[in-house]
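> I'd like to ask you about the structure that follows.
In full-length UniProt numbering, the protein residues as written are 1 to 359.
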């Protein structure tokens, strides 16, 4: 019994040792990786994310307006303005344009008084002069450049912006980037202004000369996030929230099927390297057909005018008379009565017999 029990004991020990080595090598019993049931696990306290107005990095102090101004990136990405978590101007709202984009805000209530864009490359600068002169007192002025803000900026406009608290408006030139917040009748210069001169040779992002504002876009978006407003809130808070809350606008790309197809076609052409001027096959065929119809119509009009001439009409009548005379008599006699045909035959026979007699 003892001899037969020894091999069994050794086999049992070998199995236990092998199992322990396998478990030790391939399976980890780290308690951190074991997922306990919810009723056994401790309560996990999740910190609620605090939404900061206008996407700033930190909240503004009490009795201060929170705002964020981002200039345009070259002529591709438009500027945006936000005040108290309300987007005043942005490419999504489709209310920005090339040049200077300006928004007016009541400095006491925070009410949006209006916004407008002025083309400073090919527009009329007198419109901007009239707009700046009509700004009421105590109004905040938010300005963001897009593409070219300085081509038609004259001395009068520069002085008006200087009166609003700008320190860089006299340096503003072609394709410079500029964001500014000032106020009517502000004493001194506004601390909320950023300016970047267009210099393609020293552009730190090495962008092409046509998009020098790309670096300004990223810098303003990063540095201006920590800036809040200076104007105090009103002591009362019983104003209509609809005055400063945006209304959700429909995106035309998503609302219309034709816009979706056009957007899809532009994306496909861009991926294939085609320009915007390249047209689809159907449009080219329709334009070719329309052009041929116009040419045909012009030819018909010229022909009608030519036929109205008395000389042409006389030539046409003579040509018709000549064609009638040149017709062979056989064709004319096809529909003649039978007695006329017999008479003509007898006349021919008589003519032939007389010729034979002469011979």
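Just so you know, even glycine gets a beta-carbon here, dropped at the ideal spot from N, CA and C.
Assuming contact is defined by CB atoms lying nearer than 7 Å, are residue 79 and residue 92 in contact in what I supplied?
Their beta carbons are not under 7 Å apart, which means residue 79 does not touch residue 92 by this criterion.
> CB-CB under 6 Å to residue 151, same chain, minus the five flanking residues each way: which ones, in chain order?
Result list for residue 151: 120, 121 and 174, in chain order.
> Could you tell me the distance, in whole angstroms, from the CA atom of residue 96 to the CA atom of residue 290?
Going from the Cα of residue 96 to the Cα of residue 290 covers about 37 Å.
> Give me the Cα-Cα distance between residue 99 and residue 62, rounded to the nearest whole angstrom.
One C-alpha to the other measures close to 34 Å.
> What first and last residue would you give for the beta strand (DSSP E) that runs through residue 68?
Start and end: 67-70.
> Which residues in the same chain as residue 179 place their Cβ atom closer than 6 Å to its Cβ, once the five residues preceding and following it in sequence are excluded?
Excluding residues within five positions, the ones whose Cβ falls inside 6 Å are 69, 71, 144, 194 and 220.
> Suppose you measure from the CA of residue 342 to the CA of residue 323; what does that come to, to the nearest Å?
Distance between the alpha carbons of residue 342 and residue 323: 27 Å.
> Evaluate residue 169 with the Cβ neighbour count: other Cβ atoms within 10 Å of its Cβ, from every protein chain shown; 16 or more gives buried, anything less gives exposed.
The residue is buried, with at least 16 neighbouring Cβ atoms inside 10 Å.
> Hey, would you say residue 135 sits closer than 7 Å to residue 116, going by beta carbons?
No; because the gap between Cβ atoms is not below 7 Å, this pair is not in contact.
> How many Å lie between residue 60 and residue 66 at the Cα?
Rounded to the nearest angstrom, the two C-alpha atoms are 6 Å apart.
> How would you label residue 222, buried or exposed, when you count the other beta carbons within 10 angstroms and need 16 or more for buried?
Only weak support is given to the placement of residue 222: the predicted model assigns it a pLDDT of 36, under 50, and the question is left unresolved by the model.
> Along the alpha helix (DSSP H) that carries residue 129, what are the first and last residues, could you check?
Start and end: 125-133.
> For residue 54, is the classification buried or exposed, using 16 other Cβ atoms within 10 angstroms of its Cβ as the cut-off for buried?
Answer is buried; the Cβ neighbour count reaches 16.
> Taking 7 Å as the CB-CB cut-off, is residue 10 touching chain C?
Chain labels in this structure do not include chain C; a single protein chain is all it has.
> Does residue 60 come out as helix, strand or coil in the three-state DSSP assignment?
Reduced to three states, the DSSP call for residue 60 is coil.
> Need the endpoints of the alpha helix (DSSP H) that residue 115 sits in, please.
First-last for residue 115: 112-118, but that is the beta strand (DSSP E), not the alpha helix (DSSP H).
> Should residue 141 go down as buried or exposed, given a rule of 16 or more other Cβ atoms within 10 Å for buried?
Flag for residue 141 reads buried.
> With distances taken from CA atoms, which of 189, 76, 89 and 349 is nearest residue 112?
Nearest C-alpha to residue 112: 89.
> Hey, residue 105 and residue 128: beta-carbon distance below 7 Å or not?
Contact: no.
> Just verifying my parser: in three-state terms, what is the DSSP assignment at residue 99?
Here residue 99 sits in strand by DSSP.
> Which same chain residues, not among the five before or five after residue 75, have their C-beta less than 6 Å away from its C-beta?
Excluding positions up to five away in sequence, the list reads 147.
> Using a 10 Å radius around the Cβ and a threshold of 16 neighbouring Cβ atoms, would you call residue 177 buried or exposed?
Residue 177 is buried by the Cβ-count criterion.
> When you compare only the Cα positions, how much space is there between residue 375 and residue 337?
Beyond the ends of the chain as shown, which are 1 and 359, falls residue 375; an answer cannot be given.
> Tell me the DSSP secondary structure of residue 172 in three-state form.
Residue 172: coil per DSSP, three-state reduction.
> Quick one: what's residue 179 bridged to in DSSP?
According to DSSP, residue 179 bridges with 144 and 194.
> Could you pull out every residue in the same chain whose Cβ sits closer than 8 Å to the Cβ of residue 299, ignoring the five residues on either side in sequence?
Excluding positions up to five away in sequence, the list is empty.
> Within 10 Å of its beta-carbon, does residue 361 have 16 or more other beta-carbons around it, so buried, or fewer, so exposed?
In the structure displayed, the chain extends from 1 to 359; residue 361 sits before or after that span and is not available.
> Can you tell me where the beta strand (DSSP E) holding residue 52 begins and where it ends?
From DSSP, residue 52 is part of no beta strand (DSSP E); its letter is neither H nor E.
> Helix, strand or coil for residue 292? Go by DSSP, reduced to three states.
Helix at residue 292.
> Would you kindly work out how many angstroms separate the C-alpha atoms of residue 236 and residue 159, rounded to a whole number?
Note that residue 236 has pLDDT 38, beneath the 50 cutoff, so the model's placement of it is unreliable and no number is given.
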